[in-house]
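Numbering (the numbering used here), first residue to last: 10 to 335.
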C-alpha cells in the first residue's frame, strides 16, 4: 500500500483501500472528541487487518445550509489530512457536500457511498451522526443498514473533558476567539495550528530588526487579534520558536486586513512562497497602538523575551502534539 492518500469520493477508490474500516464525520478540529471515534476505527482496522479510512464532507455542511453565517473552520482539508495521516490512517476521502448530495435518501447514502464507493466492512461514528435527506438516517438506521448490507457498525459516545463537559468544535472556536489558546489545546489534544503560504509584506519589520513571515489566514478565522508565542514549521520540517502578531497592525496600518506576522527566532533566509505552519502556545497581549516606532520596538523586544521564556518550558500534550509542534 502507498502512503497516506487524500482523495475525493467522486473518483474510484484504489483497490487496496476497499474492504476497510471507515470513520465517518466532519471532524473539523480533529479534537479529543473526534479522536475517540478515530482511535476506535484505527483499533478496529488493526483487529481486522484492513485499511483505516476517514470519510469527511467538504465544504462543511453548515457552509452549504447557512452560507450567510461565516464559519471559522479549525482544520481546512490540508491540515485535516495532515493530522489524520499522523494518527495512522491510510486515507481521507472527501465527499463533496452539495444541496443535491444533502437531498439523497439515507438508503442512497449507504448504498452509493458506503457500499459502492468505499466498499466498507465496518463503520465507526459518533452516537449523534445523522445522514440523508432531512437527517432521516440516525444510529439505529445505520446499524440496521449494516446488517442489510453486510458491514459492522460501532457507535462512540460523546467524549467529555476533565470537567465532564462535551468536547466540541464550537467550544474550541469560542476559546480561540478569546485568545485562550492554552485551553483550546487542552480540548484539541495538540496546539492549534494554521497553515498558509508565506507572502510578501511591507517589510517594515525587517527595517526594525524584526523580519516577519507573513501569512494571510481565512477571513472567517476569528482568532483573537494580538501577540502570541508560537512555533513555526517550514516546508522542509525544520522547527523554530517565534512570536507572532495576528491583527491589523494599529501602529502602522489601521485599515489593513488581518495578517499573521511571525518573527522567527534565530533564522535568516527567504521564506516567500513556502507553505508553512504556525502552532500557538500562548497569548501574550492584545494589540496596542504605540506613539511611534521606537516604543513599538521596545515592546517587541519584551514580547520576544516573554515568548522565548514561555516556549523554553513547554512539553508535548500528546504524540500528535509532539509530531506537529516539537
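The beta-carbon is built from N, C-alpha and C at its ideal position, and this holds for glycine as well.
Quick caveat: nothing in here was measured; it's all calculated off a predicted structure.
Anticipated Cβ contact below 8 Å, residue i with residue j, distance rounded
{"i": "residue 30", "j": "residue 64", "result": "Their Cβ separation, rounded to whole angstroms, is 11 Å, which puts residue 30 and residue 64 out of contact at 8 Å."}
{"i": "residue 66", "j": "residue 104", "result": "5 Å"}
{"i": "residue 83", "j": "residue 93", "result": "So it is not a contact: roughly 14 Å between Cβ atoms."}
{"i": "residue 343", "j": "residue 226", "result": "Residue 343 is absent from the structure shown; the chain starts at 10 and stops at 335."}
{"i": "residue 253", "j": "residue 320", "result": "Residue 253 to residue 320, Cβ: 12 Å. No contact."}
{"i": "residue 130", "j": "residue 203", "result": "Actually they are not in contact, since the Cβ atoms of residue 130 and residue 203 sit about 36 Å apart, beyond 8 Å."}
{"i": "residue 282", "j": "residue 181", "result": "No, residue 282 and residue 181 are not in contact; Cβ-Cβ is about 30 Å, not under 8 Å."}
{"i": "residue 285", "j": "residue 207", "result": "6 Å"}
{"i": "residue 99", "j": "residue 44", "result": "Not really, about 17 Å apart at Cβ, beyond 8 Å."}
{"i": "residue 135", "j": "residue 46", "result": "6 Å"}
{"i": "residue 235", "j": "residue 313", "result": "The Cβ separation is near 15 Å, so there is no contact."}
{"i": "residue 133", "j": "residue 57", "result": "Residue 133 to residue 57, Cβ: 12 Å. No contact."}
{"i": "residue 241", "j": "residue 287", "result": "6 Å"}
{"i": "residue 222", "j": "residue 268", "result": "In fact, because the Cβ distance is near 11 Å, the residues do not count as touching under 8 Å."}
{"i": "residue 126", "j": "residue 53", "result": "So it is not a contact: roughly 19 Å between Cβ atoms."}
{"i": "residue 334", "j": "residue 243", "result": "In fact, because the Cβ distance is near 13 Å, the residues do not count as touching under 8 Å."}
DSSP-derived helix/strand/coil call for residue i
{"i": "residue 67", "result": "strand"}
{"i": "residue 16", "result": "strand"}
{"i": "residue 217", "result": "Per-residue confidence for residue 217 stands at a pLDDT of 48, beneath the threshold of 50, marking its modelled position as unreliable; the derived number appears in the next sentence. Looking at residue 217 - three-state DSSP - the assignment turns out to be helix."}
{"i": "residue 240", "result": "strand"}
{"i": "residue 200", "result": "coil"}
{"i": "residue 283", "result": "coil"}
{"i": "residue 195", "result": "helix"}
{"i": "residue 31", "result": "strand"}
{"i": "residue 3", "result": "With the chain covering 10 to 335 only, the question about residue 3 has no answer from this structure."}
{"i": "residue 39", "result": "coil"}
{"i": "residue 323", "result": "coil"}
{"i": "residue 263", "result": "Unreliable placement is indicated for residue 263, whose pLDDT of 46 sits below 50; no coordinate value is reported for it."}
{"i": "residue 189", "result": "coil"}
{"i": "residue 300", "result": "coil"}
{"i": "residue 314", "result": "helix"}
{"i": "residue 24", "result": "helix"}
{"i": "residue 277", "result": "coil"}
Residue interval of the alpha helix (DSSP H) (run including residue i)
{"i": "residue 178", "result": "178-186"}
{"i": "residue 334", "result": "328-334"}
Extent of the continuous beta strand (DSSP E) to which residue i belongs
{"i": "residue 249", "result": "248-256"}
Opposing strand residues paired with residue i [DSSP bridges]
{"i": "residue 339", "result": "In the structure as shown, the chain begins at 10 and stops at 335. Residue 339 is therefore absent and cannot be evaluated."}
{"i": "residue 272", "result": "221 and 252"}
{"i": "residue 205", "result": "285"}
{"i": "residue 175", "result": "169"}
{"i": "residue 235", "result": "255"}
Distance cut-off 8 Å: residue i Cβ against heavy atoms of the ligand SAH
{"i": "residue 277", "result": "Because no ligand of any kind appears in the structure shown, any question about the ligand SAH cannot be addressed here."}
Checklist entry - Enumerated in chain order, which unbroken segments of the alpha helix (DSSP H) with a length of 4 residues or greater are wholly contained in the stretch 43-124? => result 70-74, 86-96 and 108-111
Checklist entry - What runs of the beta strand (DSSP E), each 3 residues or longer, lie entirely inside the stretch 123-171? => result 131-135 and 161-165
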